[in-house]
Structure formats: structure tokens, C-alpha cells
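In this note's numbering, the protein residues as written are 10 to 265. Here a beta-carbon is modelled for each residue, glycine too, at the ideal position from N, C-alpha and C.
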Amino acid sequence: MKTTSKPDLSQSVVLVTGALTGIGRATAIAFAQEGANVVVSGRRDAEGQALAAELRELGVTAEYINADVRKEADVQNLVEQTVAKFGRLDVAVNNAGTEGQPGPVVEQTPETYEAIFQTNVLGVLLSLKHELKVMVAQGHGSIINVSSVLGRQGAAGASVYTASKHAVEGLSRSAALEVASAGVRVNVIAPGPIETGMLNRFVGHNEEYKSGLLSAVPAKRAGSPEEVAQAIVFLGTSKSLFLTGESIAVDGGMLA
Ligand SMILES: NC(=O)c1ccc[n+]([C@@H]2O[C@H](COP(=O)([O-])OP(=O)(O)OC[C@H]3O[C@@H](n4cnc5c(N)ncnc54)[C@H](OP(=O)(O)O)[C@@H]3O)[C@@H](O)[C@H]2O)c1
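And the structure:
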């Protein structure tokens, strides 16, 4: 029987994109707390080096590699450098994302579309492409793509972001079907509103608007990045070996 990840995370090799803030940062820390070696990537070198140093304080090996997920050469280099350093890639978390410019459909332009789709869709596609090449060859691996509840429902005023996250769901399911027999898993985590910089930018730093948005969450609050990170970690472990092609909402009941 093929195994799809190592029996536990100790000494596993985990890659996180968009790792310097919010959900990505919490995910990198959560994996390191489980003993995994972590490669964090992002676009700001000082913050990236500081995060890698913070992770090493937890007793694991950690590296920062600069990568803008819109650029194939960056993504290819990120995966190649990870494998060169650690010899394999067990778990990849494709988390980098942007909310772009929220606003009604009639105000959208090719530029606002491209600004969101280049990162949220092309970035995930390129990440999948290079991570899967390694994982299929090694015969195991778990990929977690970070989508959104807006990948599974509509949202007035956030059409392009919503469309991009629907695309992440479709890419993930299709990739999961392509690689399941090779022992590689691809799943999605779909967060509801999570207390990060993105949520606060999304509501225009307007506390009243934010409270209204959160009152529609059955749990009556935003989630924390750490709560999302724990669900991502679960998908990286051997506790979820038969789980692939799935989208798990971490949303305080929004999609219930
Ligand atoms: N917060 C929420 O309510 C929520 C809900 C559902 C889904 N999500 C999803 O969760 C993921 C993480 O978001 P977050 O809430 O943690 O917000 P965040 O703190 O803004 O994190 C997004 C991260 O992605 C990075 N990034 C953006 N474009 C990139 C690119 N082209 N290449 C590499 N890195 C890039 C950002 O780096 P820079 O600082 O360099 O831009 C940032 O570190 C995103 O995919 C988002 O869509 C968030």
C-alpha cells in the first residue's frame, strides 16, 4: 500500500507560501511545534529571515526562500531549493493570496482581475505543478491549498476574489484525481473570516462593517489564524491518509 505522508510530522519537510503573515505564519509555527522542518517563503526578506530564526528557536531546521508565486522561476526555485536542502518535500501549503480590490462587478477591469488571478490562481497552479513533480516521483506527499468559504458561495462586492477561490477549488480537485494513485493527496482548507491583515483590509478597516460581517457567522466571531493552522496540520499528517480531493471549511458554521 502506498503511504501518502510520513507517520508523524517529526523531521517531515513542510513548505508554506505567503508564510510571513496571518494564516501562513501561524501554519509555519504550528508545523514547527510538531517537529517538522519548515521552509517559509514570501516577498520580504528581512521578515522572512526573522521568521525562519523564530522557527529555529522551536528546535527545528527552518529556511526562508524568497518567492513571488506569480513567477514560475521563483516557484520552481523554491521547490528545487527545498529539495536540494532537505532531499524531499512531504507537505506543501499553498497559502499566498490577495483580496485585490473589492467592489461591484461593474467596476472590475482586466487589471483588477489580473491582480487577483495572478496570485490566487496562477500562483496555486504553478505551486501545484512544481510540488507535484517532486511528490509523485517520491511516491508520497500532501498538498493543502488555502481557498475560502467564498470558493463555495457567492459574495456581492467580492466577485473576482470569489471567482479566484472557486478556481482554487477546481484546480485542487482535478489535481487530486491526477495524483491519488501515485500516493499524493491534494486538499483544500476553506476559511471563513479570520482575524488577519486581509480581513481588516477587506472591510476597509471599518469596525462597524466588520462587526456586521461577523454577526453573520454562526459562531459570532472571527476565527484565529491558529485555528486554521491546526486544520492544515491535520491534513499534513498520517491521521488523514484517505482524505483527498476534499475541501474543509474552517468557518464557525458559515457553510452549514
Ligand atoms: N483572513 C481571512 O478572512 C481569509 C478568509 C478566507 C481565505 N483566506 C485566505 O487565506 C490565505 C492567507 O491570507 P491571510 O488571511 O493570512 O492574509 P495575509 O496576512 O494578507 O496573508 C497573505 C500572504 O500572502 C502573501 N502574498 C500575497 N501575494 C503574494 C505573491 N504574489 N507571492 C507570494 N506571497 C504573496 C502576502 O505577502 P505580502 O505581505 O508580501 O503581500 C501575505 O504574507 C489567502 O489565500 C487568503 O485568500 C483568508
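_For Val177 and Val133, what's the separation of their Cα atoms in angstroms?_
In the sequence shown, residue 177 corresponds to position 168, counting from 1. In the sequence shown, residue 133 corresponds to position 124, counting from 1. When rounded, the separation of the alpha-carbon atoms in Val177 and Val133 is 7 Å.
_Just verifying my parser: in three-state terms, what is the DSSP assignment at Glu72?_
Within the sequence shown, residue 72 is the residue found at index 63, counting from 1. Here Glu72 carries a strand assignment [DSSP, helix/strand/coil].
*Indicate the three-state DSSP secondary structure (helix, strand or coil) for Val155 in the structure shown.*
In the sequence shown, the residue the question calls residue 155 occupies position 146. Judged by DSSP in its simplified three-state form, Val155 adopts strand.
*First through last residue of the beta strand (DSSP E) which encompasses Ser256*: If you number the sequence shown from 1, residue 256 lands on position 247. It spans Ser256 to Val259 - the beta strand (DSSP E) in which Ser256 sits, taken as one unbroken run.
_Following a CB-centred definition, is Leu29 positioned closer than 7 Å to any heavy atom of ligand 1?_
The sequence position of residue 29 within the sequence shown is 20, counting from 1. Yes.
*From Leu244, Glu66, Tyr218 and Ala167, pick the residue whose C-alpha is nearest to that of Asn154; which is it?*
Numbered from 1 along the sequence shown, position 145 holds the residue referred to as residue 154. Here the closest residue by C-alpha is Leu244.
_Host alpha helix (DSSP H) of Arg182 (start-end)_ = Along the sequence shown, read from residue 1 onward, the residue named residue 182 stands at position 173. Arg182 -> alpha helix (DSSP H) spans Ser168 to Val188.
*Going by DSSP, which residues form a beta bridge with Ala101?*
One-based indexing of the sequence shown puts residue 101 at position 92. According to DSSP, Ala101 bridges with Leu24 and Ile152.
*Between Val69 and the rest of its own chain, which residues show a CB-CB distance below 6 Å, the 5 nearest in sequence each way excluded?*
The residue given as residue 69 occupies position 60 in the sequence shown. Excluding sequence neighbours, Val69 sits near Ala41 and Asn46.
*asked:* At the level of alpha carbons, what is the spacing between Arg161 and Pro202?
replied: One-based indexing of the sequence shown puts residue 161 at position 152. One-based indexing of the sequence shown puts residue 202 at position 193. Answer to the nearest angstrom: the Cα atoms are 14 Å apart.
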